[in-house]
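First to last, the sequence lines map onto chains R and Z. FYI, in the numbering used here the residues of the first sequence are 610 to 908. FYI, in the numbering used here the residues of the second sequence are 610 to 908. From the three backbone atoms N, C-alpha and C, an ideal C-beta is built for every residue, glycine too. Computed from a predicted structure; not experimentally measured.
Number of protein chains: 2
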Amino acid sequence: RVRAQIISGLESDLKDPQTIASNKLNAIAFAGHPYALPSNGTLDTVEALTRSDLIDAHRAVLTKDHLVLSVVGDVTAAELAPMLDTVFGGLPEKGAKLPQKIVFGASKGTTVVDFPSPQSQAIWAQPIDVDPDHPDFIPLFVMNHILGGGGFGSRLTDEVREKRGLTYGIYSYIAWLGATEYLGGSVASANATIGEAISVVKDEWKRMAEDGITELELEKAKKYLTGSYALRFDGNAKIARMMAGMQLDGFVPEYINVRNERINAITVEDVARVARTHMQPDDLRFLIVGRPESVLSTN
Amino acid sequence: RVRAQIISGLESDLKDPQTIASNKLNAIAFAGHPYALPSNGTLDTVEALTRSDLIDAHRAVLTKDHLVLSVVGDVTAAELAPMLDTVFGGLPEKGAKLPQKIVFGASKGTTVVDFPSPQSQAIWAQPIDVDPDHPDFIPLFVMNHILGGGGFGSRLTDEVREKRGLTYGIYSYIAWLGATEYLGGSVASANATIGEAISVVKDEWKRMAEDGITELELEKAKKYLTGSYALRFDGNAKIARMMAGMQLDGFVPEYINVRNERINAITVEDVARVARTHMQPDDLRFLIVGRPESVLSTN
């Protein structure tokens, strides 16, 4: 039943330009690395799965050295220890090795994947080397919110959607996947206008690198980012889930307490500095799925 | 802090054509009824809130007669009763009256709200009188999945996005809000093309009413709807949340056990019958926010 459901999802993915684009970009960027593979598998691999494949995977993955655990509640560490032993004591000590660190390997420039559609889906990525421990992480996070992380009001939405009407949705994000980090983004536009949309993205990348942000933008971003954070902590289960997610993403538990303080301490100069350092317009990789007009594939 | 966060959300809503459209349609459709008001309030009402407003609302709403409860776990009703008394025993017996039943009151046809944007957001609604107890509910639910509920592969996505490239996202849904029910939907398109998008929606409404669906469409919808349902029940908290939501929406608890069976029993004739009965192309109300070209406001 689960196999049928996944296959039905994969069949739908084959028609979704966004999924096609992201699978293709991963395949190019991380060739030879597990990140190159689609996370839901392919029709072939899912069809071929056997019960013993699942048992093997279970054994390789559910092990003590891969376990991340967060406990939230009225319990002491001493009370907790025997409970954890009961639940997890039977797991093997060591599992399969985690993926090696890898740098985003796709060539700079533009790759076009032909797909019969009146619209094109573009995604982009620019490698960075900033994990959550890096001192530039917080200013870069604030910068991305202003650039394209914040939906309505972000620069990319203003420029590409509001002013030019080239799309209904555009966003950027910071991907920190454990074994790699990059700045990414996504936009869909008609085949005739996707080229213009991409060129606005490049311009905004350059403008951010050269001019940074304004006081007003910073103030609004701080208000939003710090105000919304508190609302995520209304319940034990949510807090535990957030803390487990943070561990997987490489954050220390103290991050929860210092995050808002660190965001509030950011200045426009801090953001200008990290933008100058990390935003590299010439380092952008675009992958376009569709039949874009006047866009040249450079790869 | 919560007030500042809500206000920051409302400021962003003022720029979002989809929220503007949906607030405006509710205001027209449910004038004089609580459903006419935006669920997050307005800048004025949220600014004006006092502590005693919250205490009054708390008293009017958190009462035994409004309480819906689902418990999932290894517990008997006899064990549970005293626990529930401890937790909820102190609540007042009766709270404020719930909203009266209301029929979607907006005039048929098209209403345009001027908004300076290169794109237009259209939403639509067509009143129905089918709550979850109604024998037509399940066939209508399957019909909507095929019409525009299912994303990629749905008729509206195929016709408006895939074939004509008029939008990046279009969907339809069944709203059953307790005091009213309607078939709704949403699409955004450039000002020059929103008129064409709307006319395709009307055509698809008509085609469904006249011709129903095909065997292949029904088979795919059944596979998806029944397969994905089981995946929602992996955990006590999820099951309890679903059962509480079901009670609020007017489903009996047995629905969980019979839903997939009832979906699998549907025939193309069942869907054709409910489509003929409930799909009323002439009864559609469109609300457009933007500067649509060649679209006449009929209201």
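- Task: Could you work out which residues of chain Z lie near P727(R), taking near to mean beta carbons separated by less than 7 Å?
- Result: Looking up residue 727(R) in the first sequence gives position 118. Per Cβ cutoff of 7 Å: R773 and G774.
- Query: Shorter than 7 Å from the beta carbon of D625(R) to some beta carbon of chain Z?
  - Reply: Numbered from its first residue, the first sequence carries residue 625(R) at position 16. Answer yes: the Cβ-Cβ gap between D625(R) and chain Z drops below 7 Å somewhere.
- Message: Give me, in chain order, the residues of the same chain whose beta-carbon lies closer than 7 Å to that of E915(Z); leave out the 5 immediate sequence neighbours on both sides.
- Response: Limits of chain Z in this structure are 610 at one end and 908 at the other, which puts residue 915(Z) out of reach.
- Using DSSP with H/G/I as helix, E/B as strand and the rest coil, what is A874(Z)? Position 265 of the second sequence holds residue 874(Z). In the three-state DSSP reduction, A874(Z) falls in the helix class (H, G or I).
- Task: Tell me whether the beta-carbon of V883(R) lies closer than 7 Å to the beta-carbon of L749(R).
- Result: Within the first sequence, residue 883(R) is the residue found at index 274, counting from 1. Within the first sequence, residue 749(R) is the residue found at index 140, counting from 1. It is a contact, given that the beta carbons lie within the stated cut-off.
- Helix, strand or coil for I747(Z) per DSSP? Indexing the second sequence from 1 puts residue 747(Z) at position 138. DSSP, read as helix, strand or coil, puts I747(Z) in helix.
- CA nearest to the CA of A734(R), picked from Q709(R), R773(R) and I783(R): Taking the first residue of the first sequence as 1, we reach residue 734(R) at position 125. Out of Q709(R), R773(R) and I783(R), I783(R) has the C-alpha closest to the C-alpha of A734(R).
- Message: Given this structure, state the Cα-to-Cα distance separating K832(R) from T766(R), to the nearest angstrom.
- Response: Position 223 of the first sequence holds residue 832(R). Position 157 of the first sequence holds residue 766(R). Note on geometry: alpha-carbon atoms of K832(R) and T766(R) lie some 19 Å from one another.
- Within the 7 Å Cβ cut-off, does R836(R) reach chain Z? Here residue 836(R) refers to the residue found at position 227 of the first sequence. Strictly speaking, residue 836(R) in this sequence is Gly, with Arg absent from that position. At a cut-off of 7 Å between beta-carbon atoms, G836(R) makes contact with chain Z.
- Message: So, with DSSP's three-state summary, where would you put E620(R)?
- Response: Indexing the first sequence from 1 puts residue 620(R) at position 11. The three-state secondary structure of E620(R), taken from DSSP, is helix.
- Message: I'd like to know whether the C-beta of K831(Z) is nearer than 7 Å to at least one C-beta of chain R.
- Response: Here the question's residue 831(Z) lines up with position 222 in the second sequence. The C-beta of K831(Z) comes no closer than 7 Å to any C-beta of chain R.
- Would you mind telling me which residues of chain R sit closer than 9 Å to Y777(Z), beta carbon to beta carbon, in chain order? For the purposes of this step, residue 777(Z) is taken as residue 168 along the second sequence, with counting starting at 1. In chain order: Q728, Q730, T776, Y777, G778, A797 and S798.
- Message: Residues of chain Z with CB closer than 7 Å to the CB of L840(R), please, in chain order.
- Response: One-based indexing of the first sequence puts residue 840(R) at position 231. Those within 7 Å of L840(R) in chain Z are Q614.
- Message: Taking CB distances under 7 Å as the criterion, tell me whether S621(Z) reaches chain R.
- Response: Your numbering for residue 621(Z) matches position 12 in the second sequence. At least one chain R Cβ lies under 7 Å of S621(Z).
- Message: Would you call the stretch 793 to 804 of chain R in contact with the stretch 835 to 853 of chain R, where contact means no fewer than 3 C-beta pairs closer than 8 Å?
- Response: By the Cβ criterion, the stretch 793 to 804 of chain R is not in contact with the stretch 835 to 853 of chain R, since fewer than three pairs of Cβ atoms, one from each stretch, lie closer than 8 Å.
- Query: What in chain Z is Cβ-close to F895(R), meaning under 7 Å?
  - Reply: Within the first sequence, numbered from 1, the residue matching residue 895(R) stands at position 286. Going along chain Z, no residue has its Cβ under 7 Å from F895(R), so there is no contact; the nearest lies around 18 Å.
- Could you check the C-alpha separation between I897(Z) and S837(R) for me, to the nearest Å? Numbered from 1 along the second sequence, position 288 holds the residue referred to as residue 897(Z). Numbered from 1 along the first sequence, position 228 holds the residue referred to as residue 837(R). Each residue's alpha carbon lies about 31 Å from the other.
- Task: Under 7 Å between beta-carbons, which chain R residues line up against R610(Z)? List them in chain order, please.
- Result: Taking the second sequence and counting its residues from 1, the one referred to as residue 610(Z) is at position 1. Those within 7 Å of R610(Z) in chain R are G836 and A839.
- Would you grab the beta carbon distance between V751(R) and V877(R) for me? Rounded to a whole angstrom, and I think it's under 8 Å. Here residue 751(R) is taken as the residue at index 142 of the first sequence, counted from 1. Here residue 877(R) is taken as the residue at index 268 of the first sequence, counted from 1. Contact between V751(R) and V877(R) does not hold, since the beta-carbon distance rounds to 10 Å and is not under 8 Å.
- Look at the alpha carbon of L834(Z) and the alpha carbon of N869(Z), and state the distance between them as a whole number of angstroms. The count along the second sequence starts at 1 and reaches residue 834(Z) at position 225. The count along the second sequence starts at 1 and reaches residue 869(Z) at position 260. L834(Z) and N869(Z) have their C-alpha atoms spaced approximately 8 Å apart.
- Query: Do K673(R) and D892(R) have their CB atoms nearer than 7 Å?
  - Reply: Along the first sequence, read from residue 1 onward, the residue named residue 673(R) stands at position 64. Along the first sequence, read from residue 1 onward, the residue named residue 892(R) stands at position 283. No Cβ-Cβ contact shorter than 7 Å links K673(R) with D892(R).
- Task: To the nearest angstrom, report how far apart I779(Z) and E768(R) are at their CA atoms.
- Result: For the purposes of this step, residue 779(Z) is taken as residue 170 along the second sequence, with counting starting at 1. For the purposes of this step, residue 768(R) is taken as residue 159 along the first sequence, with counting starting at 1. Near 23 Å, if we compare the C-alpha coordinates of E768(R) and I779(Z).
- Burial state of P691(R), where buried means 16 or more other Cβ atoms lie within 10 Å: Against the first sequence, residue 691(R) aligns to sequence position 82. An exposed status is given to P691(R), since fewer than 16 other beta-carbon atoms sit within 10 Å of its beta-carbon.
- Task: Report the neighbours of S808(Z) on chain R: residues whose CB is nearer than 8 Å to its CB, in chain order.
- Result: Locating residue 808(Z) in the second sequence gives position 199, counting from the first residue. Correct list: empty, because the minimum Cβ distance to chain R is about 17 Å.
- Message: Please report the distance separating the alpha-carbon of A801(Z) from that of T802(R).
- Response: Mapped onto the second sequence, residue 801(Z) falls at position 192. Mapped onto the first sequence, residue 802(R) falls at position 193. Straight-line spacing of the CA atoms in A801(Z) and T802(R) works out to 15 Å.
- Message: Taking the straight line between their C-alpha atoms, what separation do you get for L652(R) and D622(R)?
- Response: Position 43 of the first sequence, counted from the start, is the residue given in the question as residue 652(R). Position 13 of the first sequence, counted from the start, is the residue given in the question as residue 622(R). Each residue's Cα considered, the two are about 10 Å apart.
- Query: Should H667(Z) be labelled buried (16 or more other beta-carbon atoms within 10 Å of its own) or exposed?
  - Reply: In the second sequence, counting from the first residue as 1, residue 667(Z) sits at position 58. Here H667(Z) is exposed: its Cβ has fewer than 16 other Cβ atoms, across all protein chains shown, within 10 Å.
- Task: Give the single residue among L689(Z), P647(Z) and A657(Z) whose Cα lies nearest to the Cα of N635(Z).
- Result: For the purposes of this step, residue 635(Z) is identified with residue 26 of the second sequence, where counting begins at 1. Nearest to N635(Z) by alpha-carbon distance, out of L689(Z), P647(Z) and A657(Z), is P647(Z).
- Query: Using the beta-carbon of each residue, which ones in chain Z are nearer than 9 Å to A846(R)?
  - Reply: Residue numbering aside, residue 846(R) sits at position 237 when the first sequence is read from its first letter. Contacts between A846(R) and chain Z, judged by CB atoms closer than 9 Å, involve A846 in chain order.
- Task: Compute the distance between the beta-carbons of A853(Z) and S679(Z), then report whether it is under 7 Å.
- Result: Reading the second sequence from its first residue, position 244 is the one you call residue 853(Z). Reading the second sequence from its first residue, position 70 is the one you call residue 679(Z). Contact check for A853(Z) against S679(Z) passes: the beta carbons are separated by less than 7 Å.
- Item | Cβ neighbour criterion (16 or more within 10 Å) applied to Q709(R) | Taking the first sequence and counting its residues from 1, one reaches residue 709(R) at position 100. Label assigned to Q709(R): exposed.
- Item | Buried or exposed by the 16-neighbour rule on C-beta atoms within 10 Å, applied to F697(Z) | As a first step, residue 697(Z) is located in the second sequence; it is residue number 88 there, counting from the start. F697(Z) is exposed by the Cβ-count criterion.
- Item | Straight-line gap, A705(Z) to R660(Z) (C-alpha atoms, nearest Å) | Looking up residue 705(Z) in the second sequence gives position 96. Looking up residue 660(Z) in the second sequence gives position 51. One Cα belongs to A705(Z), the other to R660(Z), and the distance between them is close to 19 Å.
- Ordered along the chain, which non-local residues of its own chain (more than five positions away) have a Cβ less than 7 Å from that of S631(R)? If you number the first sequence from 1, residue 631(R) lands on position 22. If the five residues before and after S631(R) are omitted, its C-beta is found closer than 7 Å to the C-beta atoms of I732, all from its own chain and listed in chain order.
- Message: Let me see if you follow: with CB-CB separation under 7 Å, is G794(R) close to chain Z or not?
- Response: Taking the first residue of the first sequence as 1, we reach residue 794(R) at position 185. No, G794(R) does not count as interfacial toward chain Z.
- Message: Classify S903(R): buried if its beta carbon has 16 or more other beta carbons within 10 angstroms, exposed otherwise.
- Response: Against the first sequence, residue 903(R) aligns to sequence position 294. The C-beta of S903(R) has fewer than 16 other C-beta atoms within 10 Å across all chains shown, which makes the residue exposed.
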